[in-house]
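Positions in the sequence shown are counted from 1; adding 10 to them yields the working numbering. Every residue, glycine too, gets a C-beta built ideally from N, C-alpha and C. These figures come from a predicted structure and were not determined experimentally.
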Amino acid sequence: MSFVQAIIVLIVILCVNLLINRIATVALTFTGMSREMARFQSRSAFCTVGFTTSEAESVVNHPVRRRIIMLLMLAGNIGFVSIIVTGVSSFGDDSTIPSFGKILLLVGVLGTLWAIGSSKWIDDKLFKIISWTLKRVSNIEAYDYHALLHLQEGYYVTTIQIDDNDWLVGRTLGQLRLADVGVTILGIKRADGSFLGAPVGGAYIRKGDTLIAYGVRESIERLDRQRADANGWEKHQHIVAAKQEHVQSTDFSETAMSISEITVKDDSWIVGQTLQALRLEGKGVAIFGIEHQNGENVTRPPDTYVIQPGDRLFCYGDHERIHALKHTKDMAAFKDAMGKCAAKQYGQTGATAQQTK
Numbered sequence: 011m012s013f014v015q016a017i018i019v020l021i022v023i024l025c026v027n028l029l030i031n032r033i034a035t036v037a038l039t040f041t042g043m044s045r046e047m048a049r050f051q052s053r054s055a056f057c058t059v060g061f062t063t064s065e066a067e068s069v070v071n072h073p074v075r076r077r078i079i080m081l082l083m084l085a086g087n088i089g090f091v092s093i094i095v096t097g098v099s100s101f102g103d104d105s106t107i108p109s110f111g112k113i114l115l116l117v118g119v120l121g122t123l124w125a126i127g128s129s130k131w132i133d134d135k136l137f138k139i140i141s142w143t144l145k146r147v148s149n150i151e152a153y154d155y156h157a158l159l160h161l162q163e164g165y166y167v168t169t170i171q172i173d174d175n176d177w178l179v180g181r182t183l184g185q186l187r188l189a190d191v192g193v194t195i196l197g198i199k200r201a202d203g204s205f206l207g208a209p210v211g212g213a214y215i216r217k218g219d220t221l222i223a224y225g226v227r228e229s230i231e232r233l234d235r236q237r238a239d240a241n242g243w244e245k246h247q248h249i250v251a252a253k254q255e256h257v258q259s260t261d262f263s264e265t266a267m268s269i270s271e272i273t274v275k276d277d278s279w280i281v282g283q284t285l286q287a288l289r290l291e292g293k294g295v296a297i298f299g300i301e302h303q304n305g306e307n308v309t310r311p312p313d314t315y316v317i318q319p320g321d322r323l324f325c326y327g328d329h330e331r332i333h334a335l336k337h338t339k340d341m342a343a344f345k346d347a348m349g350k351c352a353a354k355q356y357g358q359t360g361a362t363a364q365q366t367k
């Protein structure tokens, strides 16, 4: 093989390798990965270099991503071997071009290809073309729903089997207002096998239905416990009404809101504290209901209420502040956490104001 032929073959091999890497990057983004993460993972796999990071775990635990990475590793090995063999062949006997000229030409070709591969404009154009092509010739939009739904952060997807004596039976989703207590119904599987996806407020709950629910784990578990309670419907209505009243009377602007349940442990620092002493509403947290260990419910608890071990507090407010109330060890740590939340919120509000200006 002459030097010129070897150079042409080398250019073709490098272009194919770059194209394979770009295709793999786009394919990984179709599974829900960000573009930067997809680019990094495809390059590391193509170069057969492994990194023990959480991103790498998200690739290994996802079947479609794992298949893409396996193909990349195989292509990378073949590509590197081909590049080495072609590079060595290019310096064979060829009297027409001196060795120094060969080196200069080889460096020039590699530099040009490097500039092309590093160009953001070319990368954006290739990304659009490859995306358009893959959407029409393949079906690999297998998103990582575990990450999209934040299932590692306390959120939960499960099924709820509706029994004959459940108070949910015969009522519509609009009447139940489950979203007000932190539960979203993604779908309903009827007893006859039919399926109702993304049900609207007018959908009725029937005997034998299976609800596909999404929300905070505590909210779903609470609903599951209460659905067979003879007084469950009344308790549910009280919780919804109390929550709405607190939402209307409390300023929760610029915060990430959530509904949560806190079970007070025997050694918790809030045992023996009154709601007035905690001053939670001024800190962005509202307790709109309390359930005792004996099952007795207190809706709209007064400020003089004394928190007892085993109480279940139904809270609405900023997610970070509720988390701090649940996990801090004493009043000082709780106040410190509230200060950090306030500083963070103030910073976000200030940034928003600057953008508005």
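### Task
Let me know the secondary structure DSSP gives leucine 159 once reduced to three states.
coil
Worksheet item: Which of the three DSSP states, helix, strand or coil, is assigned to arginine 322?
Response: strand
(Q) Is the separation between the beta-carbon of valine 316 and that of threonine 284 shorter than 7 Å? (A) yes
Review point. If you drop the 5 nearest sequence neighbours on each side, which residues of the same chain put their C-beta closer than 8 Å to that of tyrosine 165?
Key: Leu159, Tyr224, Gly225, Val226 and Arg227
| request: Indicate the three-state DSSP secondary structure (helix, strand or coil) for lysine 8 in the structure shown. | output: Absent from the structure is residue 8, since the part of the chain shown begins at 11 and ends at 367.
Whole angstroms are fine: how far does the CA of phenylalanine 56 sit from the CA of leucine 84? 8 Å
For valine 295, is the classification buried or exposed, using 16 other Cβ atoms within 10 angstroms of its Cβ as the cut-off for buried?
-> buried
key: Straight-line Cα distance separating threonine 182 from glycine 86   = 56 Å
- Task: Could you work out which residue in Gly42, His72, Lys336 and Leu81 is closest to arginine 53 when comparing CA atoms only?
- Result: Leu81
Exercise for review: Reducing DSSP to helix, strand and coil, say where asparagine 31 ends up.
Suggested key: helix
* **Cβ contact check for the segment 131-144 and the segment 200-214: 3 or more pairs under 8 Å** => no
In the DSSP assignment, the beta strand (DSSP E) including lysine 199 goes from what residue to what residue?
193-199
When the Cα atoms are used, what is the spatial distance from alanine 322 to valine 308?
The amino acid occupying residue 322 in the given sequence is arginine; alanine does not appear at that position. For arginine 322 and valine 308, the distance between alpha carbons rounds to 10 Å.
* To do: Determine, using beta-carbon pairs with one atom in the segment 116-127 and one in the segment 13-24, whether at least three such pairs fall under 8 Å.
  => yes
Taking the alpha carbon of isoleucine 113 as the point to measure from, which residue in Leu178, Leu188, Asp174 and Val14 has its own alpha carbon closest? Val14
*Give the DSSP bridge partners of leucine 206, in chain order.*
Ile198
| Helix, strand or coil at phenylalanine 262 according to DSSP, with G and I counted as helix | Confidence at phenylalanine 262 is low in this model, with a pLDDT of 47, below 50, so the placement of that residue is unreliable and no value is reported for it.
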